[in-house]
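In C-alpha coordinates form, the structure reads like this:
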(Lines of atoms letter the chains of each structure in order from A and count residues from 1; the text may use other names and numbers.)
(Lines give C-alpha, C1' and ligand atoms only; values in the text may rest on other atoms or scores of the structure.)
Protein backbone atom coordinates (compact mmCIF):
# COMPACT_ATOMS: atom_id res chain seq x y z
CA UNK A 1 0.00 0.00 0.00
CA UNK A 2 1.36 3.43 -0.84
CA UNK A 3 1.35 6.55 1.37
CA UNK A 4 -2.12 7.58 0.18
CA UNK A 5 -3.73 4.30 1.18
CA UNK A 6 -4.03 3.13 -2.43
CA UNK A 7 -3.44 -0.55 -2.95
CA UNK A 8 -0.23 -1.34 -4.78
CA UNK A 9 0.16 -4.00 -7.42
CA UNK A 10 2.18 -7.04 -6.49
CA UNK A 11 4.53 -8.30 -9.19
CA UNK A 12 4.73 -12.04 -8.95
CA UNK A 13 7.66 -12.08 -11.39
CA UNK A 14 9.65 -9.69 -9.20
CA UNK A 15 8.84 -11.81 -6.16
CA UNK A 16 10.03 -14.92 -7.98
CA UNK A 17 13.35 -13.22 -8.67
CA UNK A 18 13.78 -12.60 -4.96
CA UNK A 19 12.85 -16.17 -4.06
CA UNK A 20 14.73 -19.45 -3.80
CA UNK A 21 13.15 -20.32 -7.18
CA UNK A 22 15.41 -17.78 -8.89
CA UNK A 23 18.44 -19.03 -6.99
CA UNK A 24 17.61 -22.52 -8.23
CA UNK A 25 17.14 -21.26 -11.81
CA UNK A 26 20.45 -19.40 -11.60
CA UNK A 27 22.30 -22.47 -10.33
CA UNK A 28 20.64 -24.66 -12.93
CA UNK A 29 21.72 -22.27 -15.70
CA UNK A 30 25.30 -21.99 -14.51
CA UNK A 31 25.57 -25.76 -14.04
CA UNK A 32 24.29 -26.30 -17.57
CA UNK A 33 26.92 -23.90 -18.89
CA UNK A 34 29.69 -25.74 -17.04
CA UNK A 35 28.40 -29.13 -18.14
CA UNK A 36 28.14 -28.00 -21.76
CA UNK A 37 31.64 -26.53 -21.79
CA UNK A 38 33.07 -29.71 -20.31
CA UNK A 39 31.24 -31.85 -22.86
CA UNK A 40 32.20 -29.76 -25.87
CA UNK A 41 35.85 -29.61 -24.80
CA UNK A 42 36.04 -33.30 -23.87
CA UNK A 43 33.68 -36.11 -24.81
CA UNK A 44 31.95 -34.05 -27.47
CA UNK A 45 35.16 -33.27 -29.28
CA UNK A 46 36.05 -36.95 -29.28
CA UNK A 47 32.54 -37.99 -30.39
CA UNK A 48 32.49 -35.46 -33.23
CA UNK A 49 35.55 -37.03 -34.86
CA UNK A 50 33.63 -40.16 -35.76
CA UNK A 51 30.55 -38.45 -37.22
CA UNK A 52 29.56 -38.58 -40.89
CA UNK A 53 29.97 -35.34 -42.83
CA UNK A 54 26.27 -34.30 -42.71
CA UNK A 55 25.95 -35.13 -39.03
CA UNK A 56 29.20 -33.29 -38.34
CA UNK A 57 27.74 -30.16 -39.96
CA UNK A 58 24.64 -30.49 -37.73
CA UNK A 59 26.90 -31.04 -34.71
CA UNK A 60 28.92 -27.92 -35.48
CA UNK A 61 25.86 -25.74 -36.07
CA UNK A 62 24.00 -27.00 -33.01
CA UNK A 63 27.01 -26.72 -30.70
CA UNK A 64 27.57 -23.13 -31.87
CA UNK A 65 23.91 -22.26 -31.33
CA UNK A 66 23.98 -23.98 -27.95
CA UNK A 67 27.03 -22.01 -26.84
CA UNK A 68 25.52 -18.74 -28.05
CA UNK A 69 22.16 -19.47 -26.40
CA UNK A 70 23.82 -20.27 -23.09
CA UNK A 71 25.92 -17.09 -23.23
CA UNK A 72 22.76 -15.02 -23.74
CA UNK A 73 20.94 -16.80 -20.93
CA UNK A 74 23.92 -16.43 -18.59
CA UNK A 75 24.03 -12.70 -19.35
CA UNK A 76 20.37 -12.37 -18.39
CA UNK A 77 20.79 -14.41 -15.21
CA UNK A 78 23.83 -12.38 -14.16
CA UNK A 79 21.98 -9.10 -14.77
CA UNK A 80 19.06 -10.23 -12.64
CA UNK A 81 21.40 -11.38 -9.88
CA UNK A 82 23.18 -8.01 -9.96
CA UNK A 83 19.83 -6.29 -9.36
CA UNK A 84 19.03 -8.62 -6.46
CA UNK A 85 22.40 -7.97 -4.87
CA UNK A 86 22.01 -4.21 -5.24
CA UNK A 87 24.86 -3.88 -7.74
CA UNK A 88 22.58 -2.59 -10.51
CA UNK A 89 19.30 -0.72 -10.70
CA UNK A 90 16.20 -2.31 -12.19
CA UNK A 91 16.15 0.34 -14.91
CA UNK A 92 19.76 -0.38 -15.90
CA UNK A 93 19.10 -4.10 -15.96
CA UNK A 94 16.06 -3.67 -18.20
CA UNK A 95 18.07 -1.44 -20.53
CA UNK A 96 20.97 -3.91 -20.66
CA UNK A 97 18.73 -6.95 -21.02
CA UNK A 98 17.17 -5.40 -24.13
CA UNK A 99 20.50 -6.16 -25.83
CA UNK A 100 20.25 -9.85 -24.97
CA UNK A 101 18.73 -12.11 -27.61
CA UNK A 102 16.58 -14.43 -25.55
CA UNK A 103 14.78 -15.83 -28.59
CA UNK A 104 17.78 -16.94 -30.65
CA UNK A 105 17.51 -18.89 -33.87
CA UNK A 106 14.56 -21.18 -34.55
CA UNK A 107 14.88 -24.67 -33.21
CA UNK A 108 15.75 -27.37 -35.77
CA UNK A 109 14.36 -30.66 -34.43
CA UNK A 110 15.58 -32.59 -37.49
CA UNK A 111 19.16 -31.54 -36.79
CA UNK A 112 18.77 -32.25 -33.09
CA UNK A 113 17.66 -35.79 -33.91
CA UNK A 114 20.99 -36.41 -35.71
CA UNK A 115 23.13 -35.35 -32.76
CA UNK A 116 24.90 -37.63 -30.32
CA UNK A 117 22.55 -38.32 -27.40
CA UNK A 118 24.52 -36.30 -24.85
CA UNK A 119 24.65 -33.17 -27.02
CA UNK A 120 20.97 -33.53 -27.92
CA UNK A 121 20.14 -33.69 -24.19
CA UNK A 122 22.17 -30.52 -23.52
CA UNK A 123 20.37 -28.75 -26.37
CA UNK A 124 16.96 -29.80 -24.99
CA UNK A 125 17.87 -28.64 -21.49
CA UNK A 126 19.09 -25.31 -22.83
CA UNK A 127 15.78 -24.78 -24.63
CA UNK A 128 13.89 -25.53 -21.41
CA UNK A 129 16.04 -23.02 -19.52
CA UNK A 130 15.46 -20.52 -22.31
CA UNK A 131 11.68 -21.07 -22.11
CA UNK A 132 11.68 -20.38 -18.37
CA UNK A 133 13.80 -17.25 -18.70
CA UNK A 134 11.79 -15.86 -21.63
CA UNK A 135 8.59 -16.33 -19.61
CA UNK A 136 10.06 -14.64 -16.54
CA UNK A 137 11.53 -11.79 -18.60
CA UNK A 138 8.18 -11.17 -20.32
CA UNK A 139 6.43 -11.04 -16.94
CA UNK A 140 8.97 -8.52 -15.65
CA UNK A 141 8.55 -6.27 -18.68
CA UNK A 142 4.76 -6.43 -18.85
CA UNK A 143 2.79 -3.56 -17.34
CA UNK A 144 0.61 -4.59 -14.42
CA UNK A 145 -2.59 -4.56 -16.49
CA UNK A 146 -1.27 -6.89 -19.18
CA UNK A 147 0.52 -9.16 -16.75
CA UNK A 148 -2.78 -10.11 -15.14
CA UNK A 149 -1.84 -8.41 -11.89
CA UNK A 150 -4.52 -6.97 -9.68
CA UNK A 151 -4.32 -4.48 -6.89
CA UNK A 152 -3.61 -6.12 -3.57
CA UNK A 153 -7.12 -6.34 -2.09
CA UNK A 154 -5.87 -7.19 1.41
CA UNK A 155 -3.60 -4.15 1.46
CA UNK A 156 -6.51 -2.02 0.29
CA UNK A 157 -8.70 -3.23 3.16
CA UNK A 158 -5.92 -2.65 5.69
CA UNK A 159 -5.54 0.88 4.34
CA UNK A 160 -9.25 1.54 4.80
CA UNK A 161 -9.12 0.22 8.36
CA UNK A 162 -6.06 2.35 9.11
CA UNK A 163 -7.82 5.45 7.75
CA UNK A 164 -10.94 4.72 9.80
CA UNK A 165 -8.97 4.32 13.03
CA UNK A 166 -6.83 7.39 12.37
CA UNK A 167 -9.96 9.57 12.08
CA UNK A 168 -11.26 8.53 15.52
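In UniProt numbering, the protein residues as written are 1 to 168.
Glycine is no exception: its CB is placed at the ideal position from the N, C-alpha and C atoms.
Inclusion of residue 73 and residue 42 in the CB contact set at 8 Å is not warranted, their separation being larger than that value.
Residue 99 and residue 93 have their C-alpha atoms roughly 10 Å apart. If you draw a straight line from the Cα of residue 50 to the Cα of residue 59, it comes to about 11 Å. Out of 32, 48 and 40, the CA that lies nearest to the CA of residue 114 is found in 48. Residue environment: residue 124 is assigned as exposed (fewer than 16 neighbouring CB atoms within 10 Å of its CB, all protein chains considered).
Spatial neighbours of residue 122 in its own chain (CB-CB distance under 8 Å, excluding positions within 5 residues in sequence) are listed in chain order as 32, 35, 36, 39 and 66.
One thing to note: residue 68 has its Cβ within 8 Å of the Cβ of residue 104. In this model, residue 77 and residue 141 are separated by some 15 Å (Cα to Cα).
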